[in-house]
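Quick notes on the structure that follows.
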Amino acid sequence: MIKLANISTKAPEDLKKKDARKISRDRATQIAYLHQQLVAEGKHSVLIILQGMDSSGKDGAMRNVFGPCSPFGLRAVGWKKPTDEEFAHDFLWRIHKEAPAKGEMVIFNRSHYEDVLIQRVHGWIDEEHVAKRMDSINAFEKLLQYDNNTLILKFYLHLSHEQQEEELQERLDDPTKYFKHNPGDWEERKHWDKYMAAYEDVLNKSEVPWHIIPVDNRWYRDYLMTDIVLKGLEGLGMEWPELKE
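So in this note's numbering, the last spot in the sequence shown is 247, and the numbers never skip.
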């Protein structure tokens with residue numbers, strides 16, 4: 003049973019930042035090479051899911067882990083409040099349309115899990131509805147895995163309450179980060195304990211496992227994520243296509 007309060011949000015003291023950053027850059031280069039192989043082979047798809055509280059570093063993770071990858075065969079999708087058309091369909095309708103094709107890697111900045119997180123925290127759906135949606139999510143992810151050879155890597159960016167305050171305040175103090183400021187983030191922060199309970203439930207009931215990534219030290223986030231993504235891509239056993247005559 004996962005209890006977030008028992009998992010540190012910080013890097014271990016014996017790991018040096020300078021060394022970790024170099025390793026992360028080297029791994030990101032290898033990820034880019036394997037991503038090109040993914041595109042060329044066209045037999046697998048990859049879905050990266052990033053979830054976490056506001057200011058947990060989802061944008062930075064995309065830049066630092068996948069930055070060297072070619073834009074061809076790579077997409078990032080950010081999920082916000084559903085449109086009226088999306089509300090008129092089942093909650094996975096808009097998600098399924100953005101799932102990766104074979105030969106493609108797609109990064110979800112937030113995801114279908116918002117529909118069992120924010121809606122649950124604010125009481126917009128009841129617990130029975132939450133349970134049914136989790137069943138649907140598990141079935142959806144199995145479908146992607148077994149019907150489209152999709153490697154699904156899910157990352158929960160584990161941020162401390164104290165660090166979040168620093169990050170949100172920086173968006174008010176640093177002109178280069180003004181564009182990230184959203185007063186609503188401070189309002190959502192008031193529901194921290196409810197969010198932690200909702201996330202724990204998701205982490206424990208998901209059939210495709212999550213990777214819990216401490217993010218108070220952003221360089222450590224990159225160090226862990228590059229390792230996991232690289233190993234995941236290597237595990238696909240991809241080969242370069244032979245020359246066609």
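We treat Cβ as the ideally placed atom computed from N, Cα and C, and that holds for glycine.
{"Query": "Integer Cβ distance of Glu234 from Leu145, believed to fall under 8 angstroms", "Result": "The displayed chain sequence assigns Gly, not Glu, to residue 234. That belief does not hold up - the Cβ atoms of Gly234 and Leu145 are roughly 19 angstroms apart, past 8 angstroms."}
{"Query": "Spatial distance of Leu161 from Glu167 (CA atoms)", "Result": "10 angstroms"}
{"Query": "Residue closest to Ile127, alpha-carbon to alpha-carbon, out of Phe93, Pro185, Glu202, Gly54", "Result": "Phe93"}
{"Query": "Proximal residues to Arg23 (C-beta, below 8 angstroms), its chain only, five neighbours per side dropped", "Result": "Trp221, Asp224, Tyr225"}
{"Query": "Enclosing beta strand (DSSP E) for Pro216 [first to last residue]", "Result": "212-216"}
{"Query": "Within 8 angstroms, strictly: CB atoms of Lys196 and Val123", "Result": "yes"}
{"Query": "Counted within 10 angstroms of its Cβ, other Cβ atoms place Lys60 as buried (16 or more) or exposed", "Result": "buried"}
{"Query": "Residues of its chain near Leu205, where Cβ-Cβ distance is below 6 angstroms and the 5 sequence neighbours each way are ignored", "Result": "Ile4, Trp212"}
{"Query": "DSSP three-state assignment for Ser26, whether helix, strand or coil", "Result": "helix"}
{"Query": "Endpoints, the alpha helix (DSSP H) within which Thr178 is located", "Result": "Looking at the DSSP string, Thr178 is not in any alpha helix (DSSP H), and its letter there is neither H nor E."}
{"Query": "Chain-order list of residues whose beta-carbon lies under 8 angstroms from that of Leu52 (same chain, five-residue window excluded)", "Result": "Lys60, Ala63, Met64, Ile109, Phe110, Asn111, Arg112, Ser113, Phe157, Leu159"}
{"Query": "Best match in Gly75, Asp16, Lys99, Ile9 for proximity to Val41 [C-alpha to C-alpha]", "Result": "Gly75"}
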